[in-house]
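K.L.:
Supplied in structure tokens, the structure appears directly below.
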Amino acid sequence: MTKDERQALILDMLMKQESLLVTDLSEHLNVSSVTIRKDLTELEKKKKLYRNHGKAILIDPYSENKNVSEKERLSVDEKRAIGIKAASMITPRDSILIASGTTVHALARCIQSSDRLTVITASLEVASILSIDTNIDIIQLGGILRHSSLSCVGRHAEEALNDFSCSKLFLGVDGIDLDLGITTTDMMEASLNRVMMQTAQKTIVLADSSKFGRRGFSKIADLKDVDQIITDSKISPSVAKKIEEMGIDLTIVETH
Numbered sequence: 245m246t247k248d249e250r251q252a253l254i255l256d257m258l259m260k261q262e263s264l265l266v267t268d269l270s271e272h273l274n275v276s277s278v279t280i281r282k283d284l285t286e287l288e289k290k291k292k293l294y295r296n297h298g299k300a301i302l303i304d305p306y307s308e309n310k311n312v313s314e315k316e317r318l319s320v321d322e323k324r325a326i327g328i329k330a331a332s333m334i335t336p337r338d339s340i341l342i343a344s345g346t347t348v349h350a351l352a353r354c355i356q357s358s359d360r361l362t363v364i365t366a367s368l369e370v371a372s373i374l375s376i377d378t379n380i381d382i383i384q385l386g387g388i389l390r391h392s393s394l395s396c397v398g399r400h401a402e403e404a405l406n407d408f409s410c411s412k413l414f415l416g417v418d419g420i421d422l423d424l425g426i427t428t429t430d431m432m433e434a435s436l437n438r439v440m441m442q443t444a445q446k447t448i449v450l451a452d453s454s455k456f457g458r459r460g461f462s463k464i465a466d467l468k469d470v471d472q473i474i475t476d477s478k479i480s481p482s483v484a485k486k487i488e489e490m491g492i493d494l495t496i497v498e499t500h
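Counting from 1, position 120 in the sequence shown corresponds to residue 364 in the working numbering; the numbering is continuous, with no gaps.
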């Protein structure tokens, strides 16, 4: 087998499995680990894959801090389907927390309250969307404005949550990594998200399938601290299986 054939096979295997250990590749292709590492280095330079702690992965694991207007244009159908499902979980006279991000914006657009609903949110956009419904009492968290996400973070927002207890937190994230956990690109937002998780009885992560295998700069929590994840049907079956094996309630919504 030539080097080009071997590297083509590595990429083909990655398309099916998303991540591969150097040791497994070495054994499967019957070459040394040194040879595999050289192959992976060449493929990474060509931007065909990414290397991460003794393994190869197909996608760039690091999430950028994109502006909210740019994020709104990504995975629109998936976010809407996730939002519809999440909204269906809100009960009459519920008290919920909604964090920030474009996936929770989609949730806010899907909320139709026939009874009183109390929403605590860090997101200016969520508050604006829900403000037209007079059945919804909105508590807007104040603090330092993050221009990229149009949400508030910081000590004032965190301290305000000491006075509340909510049934559910709907949390958007920038990355879900099976080893690291859930992450965001901003450390102050990560800190606020952790306080939100303590304030809510149940943490529900809303994330389209592109978020899996990615990492933001700041860790929010381990996956074991998450009660439920709602995502779309493009999630890798192998990733979905691993999440369910962790005991996390995984809800997959169908998208075209």
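Beta carbons are placed, not taken as given, at the ideal position from N, Cα and C, and that holds for glycine.
If you compare alpha carbons, which of 290, 376, 260, 298 is closest to residue 278?
P.N.:
The candidate whose alpha carbon is nearest that of residue 278 is 298.
K.L.:
Along the chain, which unbroken stretches of the beta strand (DSSP E) at least 3 residues long are found entirely within the stretch 316 to 382?
P.N.:
As far as the stretch 316 to 382 is concerned, its whole beta strand (DSSP E) runs of at least 3 residues are 339 to 342, 361 to 365.
K.L.:
Suppose you measure from the CA of residue 282 to the CA of residue 468; what does that come to, to the nearest Å?
P.N.:
Going from the Cα of residue 282 to the Cα of residue 468 covers about 36 Å.
K.L.:
Hey, out of 483, 455, 441, 452, whose CA is closest to residue 464's CA?
P.N.:
Nearest C-alpha to residue 464: 441.
K.L.:
When the Cα of residue 353 is compared with those of 434, 420, 323, 477, which residue comes out closest?
P.N.:
Ranking the options by Cα distance to residue 353, first place goes to 323.
K.L.:
For residue 387 and residue 401, I'd like the C-alpha separation in whole angstroms.
P.N.:
Roughly 5 Å separates the two Cα atoms.
K.L.:
Nearest to residue 470 by CA position, among 499, 337, 367, 437, is which residue?
P.N.:
Residue 470 has its Cα closest to that of 437, out of 499, 337, 367, 437.
K.L.:
Any chance you could list the beta strand (DSSP E) runs of at least 3 consecutive residues sitting entirely within the stretch 399 to 436, in chain order?
P.N.:
The qualifying runs are 410 to 416, 419 to 421, 425 to 428.
K.L.:
Would you check if there are 3 or more beta carbon pairs closer than 8 Å linking the stretch 479 to 496 to the stretch 374 to 384?
P.N.:
The answer is no - the stretch 374 to 384 does not touch the stretch 479 to 496, with fewer than three Cβ pairs under 8 Å.
K.L.:
Measuring alpha carbon to alpha carbon, tell me which of 350, 455, 398, 267 ends up nearest residue 373.
P.N.:
Looking at the Cα atoms, 350 is the closest of the given residues.
K.L.:
Whose CA, out of 433, 398, 376, 340, lies closest to the CA of residue 445?
P.N.:
It is 340.
K.L.:
Taking the alpha-carbon of residue 259 as reference, which of 266, 405, 292, 280 has the nearest alpha-carbon?
P.N.:
If we check each option's Cα against that of residue 259, 292 comes out closest.
K.L.:
According to DSSP, is residue 252 helix, strand or coil?
P.N.:
Residue 252 falls in the helix class under three-state DSSP.
K.L.:
Excluding sequence positions up to five away, which residues of its chain have a Cβ less than 7 Å from the Cβ of residue 357?
P.N.:
Once the five neighbours on either side are set aside, the close Cβ partners of residue 357 are 377, 379, 380.
K.L.:
Would you mind stating whether residue 418 and residue 457 have Cβ atoms separated by less than 7 Å?
P.N.:
For residue 418 and residue 457, no; Cβs fall outside 7 Å.
K.L.:
Less than 7 Å separating the beta-carbons of residue 342 and residue 363?
P.N.:
Against a cut-off of 7 Å, the Cβ pair of residue 363 and residue 342 comes out as a contact.
K.L.:
Using DSSP with H/G/I as helix, E/B as strand and the rest coil, what is residue 484?
P.N.:
Residue 484 falls in the helix class under three-state DSSP.
K.L.:
The alpha helix (DSSP H) spanning residue 281 covers which residue range?
P.N.:
277 to 289 is the span of the alpha helix (DSSP H), which, as asked, contains residue 281.
K.L.:
With distances taken between CB atoms, is the gap from residue 331 to residue 355 smaller than 7 Å?
P.N.:
Taking 7 Å as the Cβ cut-off, residue 331 and residue 355 qualify as a contacting pair.
K.L.:
Does residue 286 pass the burial test, meaning 16 or more other C-beta atoms within 10 Å, or should it be called exposed?
P.N.:
The residue is exposed, with fewer than 16 neighbouring Cβ atoms inside 10 Å.
K.L.:
Leaving out the 5 sequence neighbours to the left and right, which residues in its chain are closer than 8 Å to residue 394 when beta-carbon positions are compared?
P.N.:
312, 344, 367, 368, 369, listed in sequence order.
K.L.:
What is the DSSP secondary structure of residue 471, counted as helix, strand or coil?
P.N.:
In the structure shown, residue 471 sits in coil (DSSP, three-state: anything other than H, G, I, E or B).
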